[in-house]
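All residue numbers for the sequence shown refer to UniProt numbering, where the first residue is 1 and numbers rise by one.
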Amino acid sequence: MSDARIHYLITRLLEGSCTQAEKEELADWVNQAEGDASLKEVLERAWEQYEPDATIKEAADPALNRISGRLFSQPPPQTRPFRLITKYAAAAAILLAVGTGIYYYWLGNGQQQPPQQTTAIATQDVLPGGNRATLTLSNGQQILLDSASDGMLAQQGGASISKQAGGQIIYNSNGDNAGEPVYNTMSTPRGGAYQLSLPDGTKAWLNAASSITFPTTFTGRERSVSITGEVYLEVARDKTKPFFVKAGGTRLEVLGTHFNVNAYGDEKTVKTTLLEGSVKVHTGAGSRVIAPGEQAQTTEEGRLTVKTGVDLSATMAWKNGRFVFEGAPIKTVMHQLARWYDVEVEAGDDVDELFFADVPRNKKLSDVLKALELTGKVKFRIEGKKIRVMK
């Protein structure tokens, strides 16, 4: 097939004007060329000549980089089963990723119509979340960190607490470790996120609707904290004092490592994803050490399973200012949006689509919903502080 013919078909697909015969012709070419460098070049040329609106363009650029790395790396990755889906779905997944920044599969539902660009209906738009958190001291005093002035905030149990210009909270030990340790709690509301440096130098990032409770100084033979919601930790290395994290019925043991814990109460499992080092995951039913790129999933009953080959960019997207969905069900997508935009969601039981998307978290809610609507599978209506999901 000539380059001119390929570009013509790609443009018609992106515009939603392909005939069924043209779809099949393009799908055959995509499947024959999968993994070939020429496919990447043609898709990139098509993207350069296609002119979506600014919101779509911003969402698409990082997605194009991510997809290019996956489709044309050697050896081919095992996490993206293109050959297990229909030929048309393969073509749509690749081409619409380039055209809109959203890539998705239509899994056995018989629908083979390209998505049309739509608009989320908003009676009142919702702004994204930001740096918002509350620090609760051992005496019950609460400090609203987003409105607190930079500089010294308090003295607590042998440590001074200060707020840096960038908003980060830092605990510095003054060397007085006598007496019983006292505990502080940092918590973020829905629509909030914050960063904290613990007394030992461990760094913690809190996602929306999350908390971390910790002593103002680490005394004794171990360092222990407890969390709710989602927290990413870069633990300061200290072989003499192992670091423990309690998240529901799960206990994590580390020496020095980078890992993310998702322990929201409305999720069925606690997910611990390791980026660097090693973590030993303890439950009531046993324990297991996980390696980088693995994710331990634990239930309230103590069941422990380990998932390998985890997409770390998707796991860490929230910390890096993005929403990245890798085959996520609508319930997972809406949970994340509800927490970040502090909204409620109303969706029928018949909405069960899977989403593949990469969009910024600093956009208004309507902009994110517009990107999700490009799948052609659902529509959204914003009604005050509620998202209504419609087929």
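For each residue, glycine too, the CB sits at the ideal point set by N, CA and C. On a predicted model such as this, the values are computed, not experimentally measured, just so you know.
To the nearest angstrom, how far is it from the Cα of residue i to the Cα of residue j?
i	j	result
residue 353	residue 386	20 angstroms
residue 152	residue 162	4 angstroms
residue 109	residue 327	Interpretation of residue 109 is limited by its pLDDT of 32, a score under 50 that renders its predicted location unreliable; no figure is taken from the coordinates.
residue 333	residue 148	32 angstroms
residue 239	residue 275	19 angstroms
residue 102	residue 346	Low confidence applies here, because residue 102 scores a pLDDT of 36, under 50, leaving its location unreliable; read the following figure in that light. Looking at the two C-alpha atoms, the distance is approximately 23 angstroms.
residue 29	residue 6	8 angstroms
residue 372	residue 286	40 angstroms
residue 378	residue 259	34 angstroms
residue 228	residue 375	33 angstroms
residue 230	residue 391	30 angstroms
residue 330	residue 205	25 angstroms
residue 355	residue 325	6 angstroms
residue 244	residue 323	29 angstroms
residue 236	residue 166	21 angstroms
residue 319	residue 207	7 angstroms
residue 100	residue 277	Note that residue 100 scores 39 on pLDDT, short of 50, meaning its location in the model is unreliable; the coordinates nonetheless yield the value given after this. Looking at the two C-alpha atoms, the distance is approximately 36 angstroms.
residue 168	residue 198	11 angstroms
residue 310	residue 257	17 angstroms
residue 294	residue 232	15 angstroms
residue 94	residue 26	With a pLDDT of only 47 at residue 94, under 50, the local geometry of the prediction cannot be trusted, and no value is derived from it.
residue 189	residue 129	9 angstroms
residue 362	residue 370	14 angstroms
residue 131	residue 146	6 angstroms
residue 388	residue 192	22 angstroms
residue 215	residue 136	12 angstroms
residue 157	residue 203	20 angstroms
residue 234	residue 141	27 angstroms
residue 313	residue 219	35 angstroms
residue 366	residue 341	11 angstroms
residue 71	residue 307	Only weak support exists for where residue 71 lies, its pLDDT of 39 falling under 50; the coordinates are left without a value.
residue 296	residue 209	22 angstroms
residue 349	residue 315	26 angstroms
residue 272	residue 170	25 angstroms
residue 2	residue 19	19 angstroms
Thinking C-alpha only, which one of the options is nearest residue i?
i	options	result
residue 254	356, 289, 266	289
residue 317	252, 351, 298, 359	359
residue 185	196, 192, 383	196
residue 321	344, 245, 308, 337	337
residue 266	313, 205, 339, 350	339
residue 173	233, 257, 154, 273	154
residue 335	279, 263, 293	263
residue 217	252, 160, 164	160
residue 200	192, 241, 193, 194	241
residue 144	194, 171, 234, 366	194
residue 280	272, 156, 252, 307	252
residue 138	170, 8, 180, 164	180
Please list, in chain order, all residues of the same chain as residue i whose beta carbon is under 7 angstroms from its beta carbon, the five residues on each side excluded.
i	result
residue 283	249, 250, 298, 302, 304
residue 213	183, 185, 225, 226
residue 4	none
residue 344	338, 385, 386
residue 57	Residue placement at residue 57 cannot be trusted, given a pLDDT of 48 that sits under 50; the coordinates are not used to answer.
residue 292	274, 275, 276
residue 124	382, 384
residue 127	364
residue 351	330, 378, 389, 391
residue 150	163, 164, 165
By Cβ distance, which residues of its chain are closer than 6 angstroms to residue i, with the 5 residues on each side in sequence left out?
i	result
residue 187	134, 211
residue 368	359
residue 247	227, 261, 263, 270
Short of 8 angstroms in beta carbon distance, which residues of its chain neighbour residue i, apart from the five on each side in sequence? Order them along the chain.
i	result
residue 268	299
residue 222	241, 242, 243, 244
Mind checking whether the beta-carbon of residue i lies closer than 7 angstroms to any heavy atom of the ligand COA?
i	result
residue 235	As for the ligand COA, it is missing from this structure, which has no ligand bound.
When you compare the CB of residue i with every CB in chain B, is at least one pair closer than 8 angstroms?
i	result
residue 364	Considering every chain present, this structure includes no chain B. It has just one protein chain.
(message) Please give me, in chain order, every unbroken run of the beta strand (DSSP E) with length at least 3 that falls completely inside the segment 304-369.
(response) Those beta strand (DSSP E) runs which fall completely within the segment 304-369 and span 3+ residues are 304-307, 322-329, 344-347, 354-360.
(message) Runs of 4 residues minimum, wholly inside the UniProt domain "FecR protein" (185-280): which ones carry the alpha helix (DSSP H) assignment?
(response) Runs of the alpha helix (DSSP H) spanning 4 or more residues and lying entirely within the UniProt domain "FecR protein" (185-280) do not occur at all.
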